[in-house]
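In UniProt numbering, the protein residues as written are 1 to 106. Here a beta-carbon is modelled for each residue, glycine too, at the ideal position from N, C-alpha and C. The model shown is predicted, which means the values in this text are computed figures rather than measured ones. A quick write-up on the structure given underneath.
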């Protein structure tokens, strides 16, 4: 994650997403004076994780429809989920970002 000072757009540094705020404070910066910007690979990982974590909801909904049982998601909620998933797919630049991350950090 890239951290930039709002006042002059100066680069403060690159940090692990999970610890960025804590690390910036440790360096003496005020969080309100900083912009936290995800790198493209971090964004791609988040989108890929979202897709992977919602696969089961899509499958369950389709299975329930096929079985003719009541669905856990309303039609409106299902359409919203599908729209969110498509937006995530459209935003992904590197479809291998999650695999690359796991290979490096696992």
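For residue 51, the enclosing alpha helix (DSSP H) begins and ends at 40-67. If you look at residue 35, you'll find it in the beta strand (DSSP E) that goes 34-37.
For residue 11, the enclosing beta strand (DSSP E) covers residues 11-14.
Counting other Cβ atoms within 10 Å of its Cβ, residue 11 stays below 16 and is therefore classed as exposed.
Sequence-distant Cβ neighbours of residue 23 in its own chain, meaning closer than 7 Å and more than five residues away, are 15. Within the same chain, Cβ atoms closer than 7 Å to the Cβ of residue 36 are found at 1, 3, 20, the five residues on either side in sequence being excluded. For residue 103, DSSP assigns no beta-bridge partner whatsoever. The Cβ atoms of residue 44 and residue 97 lie closer than 8 Å to each other.
When DSSP states are grouped into helix, strand and coil, residue 93 belongs to the coil group.
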